[in-house]
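A.B. asks: Can you keep this structure in mind? I'll have questions shortly.
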Amino acid sequence: MLTAFAILIDGLVYASWLFIVAIGLSLIFGVMKILNVAHGAFYAFGAYGAATLVGLYFEAGLPVAGAFAAMLLAAVLIGVILGGILERGLLRRVYGRDEVIVLLVTYAVFLILEDVLLLIWGADSYFAYQPYVALGNVVVGEMIISTYDLGLIALAGLTAIGAWWGLNRTRSGKLLIAVIHDREMSTTLGINVTAVFAITFVIGAVLGAFGGAFTAPKISVTPGLGVEVIVIAFAVVAIGGMGSVAGALIGSVIVGLCRAAAVHLLPEVELFVIYAVMALVLAFRPQGLFSRAEARKI
Amino acid sequence: MPDRTLLLLCAIFAAAVAVSFVMPSWAVFLTTIAVAKALVVLGLMILWRTGLVSFGQALYFGAGGYAAGLAGRWLGLTDAIALCLLGAIAAALIAWVVGLLLARYREIFFAMLSLAFSMILYGVLVKSEALGSTDGINIASATFLGYAPSGPAQVVSVYLLTVLAGLIAASVVHVFLQSTIGQLTAPIRDNEIRVEYLGVSARAVVHLEVVIAGALAGAGGVLTALAVGHIDPEMAYWTTSGGFVFVTILAGTGSVIAPFLGSLLFEMVRSFAMAYAPETWQLMLGAALLVTILFFPGGLWSLFERRRARA
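These protein sequences, in sequence, are chains A and B. Residue numbers for the first sequence follow the numbering used here, beginning at 48 and rising by one. Residue numbers for the second sequence follow the numbering used here, beginning at 53 and rising by one.
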């Protein structure tokens with residue numbers, strides 16, 4: 048019973064993390080049909096940026112509560128700067144080429160940013176544990192759960208609601224859905240697709256950096272942390288269906304629970320259970336669980 | 053008139069054998085690794101002609117390496133030629149099974165599904181104590197049909213075998229690409245449905261491509277393992293696949309010689325970059341990839357072709 052509860056909590060915490068990382072990737076794919084490998088780099092920059100800002104913040108001796116604002120600020124700054132430069136400077140030039148070519152372009156950007164990260168922050172580890180420690184623990188029955196982790200679940204929930212509301216209940220969200228469904232037709236109706244693309248990419252980048260920023264307090268921020276993230280986020284998005292909020296949510300919960308179950312019950316399969324699930328889902332529903340298949344065009 | 057590419061391949065092979073007597077040991081080793089990895093790239097090149105990118109070629113590369121390592125450890129098999137065949141067959145079998153699924157997908161789904169399969173192997177290798185876990189396992193010195201060299205002679209023997217494997221693989225792939233099925237690999241990229249109107253199953257062709265690419269990657273894995281003398285799960289990690297994809301795009305699909313040139317250039321630049329500027333190696337890779345995609349969509353090989361067309 049205790050194990051089941053632990054699996055549930057661990058799974059949900061992991062799922063929230065996955066969701067925050069994957070939703071940006073999914074959004075960019077849904078709107079622009081770009082599988083953005085550089086998302087892993089946004090995540091890593093977010094983590095480093097937040098660790099640096101939080102470090103500066105506590106050196107200044109300010110109250111703990113503001114540290115969360117500092118993390119958020121780091122994510123937005125990184126996302127807007129990196130996302131903006133990348134979209135306006137590079138991706139704009141390869142729109143309309145094969146999806147696979149654009150994938151390779153973002154892969155190249157990922158390689159470049161990995162080294163830029165090393166050049167800026169060096170090979171040392173950074174720590175930003177203060178916000179994590181400051182929130183303390185909650186005791187439920189026999190289990191001790193970190194309040195920060197519970198906060199992450201709430202944050203993921205808020206992000207999901209925000210994304211759903213923004214897409215389905217606002218004017219700009221509806222314009223975005225129009226672009227997702229038919230880019231050419233949207234252009235003829237007077238939607239500025241170029242602007243929609245730029246804004247979507249920046250929002251996606253901010254979400255990636257956001258995931259990194261709020262993970263930073265839980266881990267030691269070291270080089271190479273973006274490499275792991277990118278494949279796992281791909282797996283989540285592929286399971287749920289690319290370009291769907293509900294899909295990313297369900298995908299994260301499935302992967303989160305599977306991995307938590309594996310960690311507690313059968314640690315040997317921890318690494319491969321995620322990809323086994325992904326392969327299984329893709330085998331039966333190549334477009335993912337929550338995405339409609341596209342008609343073949345001759 | 054004899055085929056010019058085949059003649060050129062034989063000439064390159066003869067030159068490669070001749071220089072092995074004068075090259076310093078480090079250059080022999082570097083060329084061995086480059087040619088072994090070029091086998092993997094050769095397979096990716098066939099897929100790339102159909103517009104398919106496999107971000108999971110490390111699956112077959114790793115499978116080949118581990119097949120050689122385990123055959124040596126459990127069966128005491130040390131004959132390099134037998135190990136090569138074993139690795140290629142093992143990888144081809146895996147590719148056939150995986151291909152049953154993969155052949156149904158195109159574009160990004162193909163890339164991601166192959167990535168998922170390679171990560172499954174990586175996950176298994178990292179967690180298996182019997183397979184050496186993250187430390188990997190050492191490979192015993194190879195023998196060649198009963199000849200058991202040691203020291204520098206061992207390095208040169210592996211080199212000669214690798215170059216011979218390169219010659220055979222490149223010739224076979226070249227002949228394959230000239231065949232009817234081979235000629236159809238590029239049209240499938242352009243319009244799959246019209247290819248099917250010709251009476252050919254696109255799925256069967258892609259499946260065949262996956263198996264050929266898998267067998268080549270398996271052989272490349274065995275040769276790399278023999279040259280390095282050690283294997284670890286990193287061989288099956290997705291960044292290894294990414295490196296292969298990189299060389300494929302860089303080299304281009306114009307000729308079966310392109311992967312060898314591309315791979316040699318890649319290994320040379322890498323060993324110099326590692327020695328003089330290790331912290332900017334990935335940055336240089338990324339920049340080179342961007343320049344290739346933006347300005348030379350046909351890869352380095354297209355530079356040769358353009359010159360020939362002008363002449």
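Where a beta carbon is used, it is the ideal one built from N, C-alpha and C, also for glycine.
Which one of A/Phe105, A/Ser267, A/Gly294, A/Ile128 has the shortest CA to CA distance from A/Asp171?
C.D. replies: Considering only alpha carbons, the answer is A/Ser267.
A.B. asks: Which residues of chain B have a Cβ atom closer than 9 Å to the Cβ of A/Phe89, listed in chain order?
C.D. replies: What A/Phe89 touches in chain B: nothing, since even the nearest Cβ is about 15 Å away.
A.B. asks: Going along the chain, which residues of its own chain have a beta-carbon closer than 7 Å to the beta-carbon of B/Val247, five neighbours each way excluded?
C.D. replies: Excluding positions up to five away in sequence, the list reads Leu236, Pro239, Ile240, Ala254.
A.B. asks: Using a Cβ-Cβ cutoff of less than 7 Å, which residues in the same chain neighbour B/Leu268 once the five nearest sequence positions on both sides are dropped?
C.D. replies: So the qualifying residues of the chain are Leu91, Val92, Leu94, Gly95, Ala221.
A.B. asks: Would you kindly work out how many angstroms separate the C-alpha atoms of B/Tyr328 and B/Arg322, rounded to a whole number?
C.D. replies: Their Cα atoms are separated by approximately 10 Å.
A.B. asks: Which residues, in order along the stretch 155 to 169 of chain B, keep a beta-carbon less than 8 Å from a beta-carbon of chain A?
C.D. replies: Listed by position, the residues of the stretch 155 to 169 of chain B near chain A (Cβ gap below 8 Å) are Arg156, Tyr157, Glu159, Ile160, Phe161, Ala163, Met164, Leu165, Leu167, Ala168, Phe169.
A.B. asks: Please return the same chain residues whose Cβ sits closer than 7 Å to the Cβ of A/Ile301, not counting the five positions on each side in sequence.
C.D. replies: Here the set comprises Ile286, Val324.
A.B. asks: Between the alpha carbons of A/Ala225 and A/Ala242, how many angstroms are there, rounded?
C.D. replies: Cα-Cα distance, rounded: 14 Å.
A.B. asks: Hey, could you find the ends of the alpha helix (DSSP H) B/Met320 is sitting in?
C.D. replies: From DSSP, the alpha helix (DSSP H) with B/Met320 extends over 310 to 328.
A.B. asks: On the three-state DSSP scale, how would you describe A/Asn45?
C.D. replies: Residue 45 of chain A lies beyond the residue range present for chain A, which begins at 48 and ends at 345; the question has no answer from this structure.
A.B. asks: For B/Tyr396 and B/Val150, what's the separation of their Cα atoms in angstroms?
C.D. replies: Outside the modelled stretch of chain B, which goes from 53 to 363, sits residue 396 of chain B, for which no answer is possible.
A.B. asks: Does any C-beta atom of chain B lie closer than 8 Å to the C-beta of A/Tyr154?
C.D. replies: Yes, A/Tyr154 lies at the interface with chain B (some Cβ there is under 8 Å from its Cβ).
A.B. asks: In terms of DSSP beta bridges, what is B/Thr195 paired with?
C.D. replies: In the DSSP output, where bridge partners are listed per residue, B/Thr195 has B/Asp131.
A.B. asks: Run through DSSP, which three-state label would B/Val252 get?
C.D. replies: Note: B/Val252 maps to coil in three-state DSSP.
A.B. asks: Verify the CB distance criterion: does B/Leu145 have a CB-CB separation below 8 Å to chain A?
C.D. replies: No, because no Cβ of chain A sits closer than 8 Å to the Cβ of B/Leu145.
A.B. asks: Spell out whether any CB of chain A is found under 8 Å from the CB atom of B/Gly338.
C.D. replies: B/Gly338 counts as touching chain A.
A.B. asks: Nearest-angstrom Cα distance between A/Gly93 and B/Val225?
C.D. replies: A/Gly93 and B/Val225: Cα-Cα distance of roughly 46 Å.
A.B. asks: Would you mind working out which of A/Pro314, A/Val283, A/Ala293, A/His311 sits nearest A/Leu327, comparing C-alpha positions?
C.D. replies: When only C-alpha atoms are compared, the closest one is A/Val283.
A.B. asks: I think A/Ile54 touches A/Leu304, with their Cβ atoms under 8 Å apart; what is that distance to the nearest whole Å?
C.D. replies: Contact flag correct, Cβ pair sits at about 7 Å.
A.B. asks: Anything in chain A within Cβ reach of B/Lys179, meaning under 9 Å, just list it in chain order.
C.D. replies: Under the 9 Å cutoff, chain A gives Pro314, Glu315, Val316, Glu317, Leu318, Phe319.
A.B. asks: I'd like to know whether the C-beta of B/Gly175 is nearer than 8 Å to at least one C-beta of chain A.
C.D. replies: Answer yes: the Cβ-Cβ gap between B/Gly175 and chain A drops below 8 Å somewhere.
A.B. asks: Please confirm whether B/Glu319 has its beta-carbon closer than 8 Å to some beta-carbon of chain A.
C.D. replies: Taking Cβ atoms only, chain A never reaches closer than 8 Å to B/Glu319, which makes this a no.
A.B. asks: Distance, Cα to Cα, A/Arg343 vs A/Gly136?
C.D. replies: Residue placement at A/Arg343 cannot be trusted, given a pLDDT of 44 that sits under 50; the coordinates are not used to answer.
A.B. asks: Who are A/Val268's beta bridge partners in DSSP?
C.D. replies: Per DSSP, A/Tyr173.
A.B. asks: Could you compute how far the alpha carbon of B/Gly281 sits from the alpha carbon of B/Pro330?
C.D. replies: Those two C-alpha atoms are separated by around 24 Å.
A.B. asks: Among the candidates A/Phe261, A/Leu272, A/Ala256, whose CA atom is the shortest distance from the CA of A/Val127?
C.D. replies: Comparing Cα positions, the closest option is A/Ala256.
A.B. asks: Helix, strand or coil for A/Ser193 per DSSP?
C.D. replies: A/Ser193: strand per DSSP, three-state reduction.
A.B. asks: Does the beta carbon of B/Ile240 sit closer than 8 Å to a beta carbon anywhere in chain A?
C.D. replies: No, B/Ile240 does not count as interfacial toward chain A.
A.B. asks: Could one say the Cβ of A/Met325 lies closer than 8 Å to chain B's Cβ atoms, at least one of them?
C.D. replies: Chain B contact via Cβ: present.
A.B. asks: When burial is assigned at 16 or more other CB atoms within 10 Å of the CB, is B/Ser231 buried or exposed?
C.D. replies: Classification of B/Ser231: exposed, given that the 10 Å Cβ count is below 16.
A.B. asks: Interface residues of chain B around A/Phe281 at Cβ under 9 Å?
C.D. replies: Neighbours of A/Phe281 on chain B, chain order: Met164, Leu167, Ala168.
A.B. asks: Using DSSP with H/G/I as helix, E/B as strand and the rest coil, what is B/Ile189?
C.D. replies: Strand at B/Ile189.
A.B. asks: Which chain A residues are close to B/Trp290, counting only those with a beta carbon under 7 Å from its beta carbon?
C.D. replies: Those are Val278, listed as they occur along chain A.
A.B. asks: Determine whether the Cβ of B/Glu261 lies closer than 8 Å to any Cβ atom of chain A.
C.D. replies: For B/Glu261, the answer is no, since every Cβ of chain A falls outside 8 Å of its Cβ.
A.B. asks: Pull up the distance between the alpha-carbon of A/Phe157 and that of A/Leu166, whole angstroms please.
C.D. replies: Computed Cα separation, rounded: 14 Å.
A.B. asks: Just the Cα atoms here: how many angstroms apart are B/Leu352 and B/Leu316?
C.D. replies: One C-alpha to the other measures close to 12 Å.
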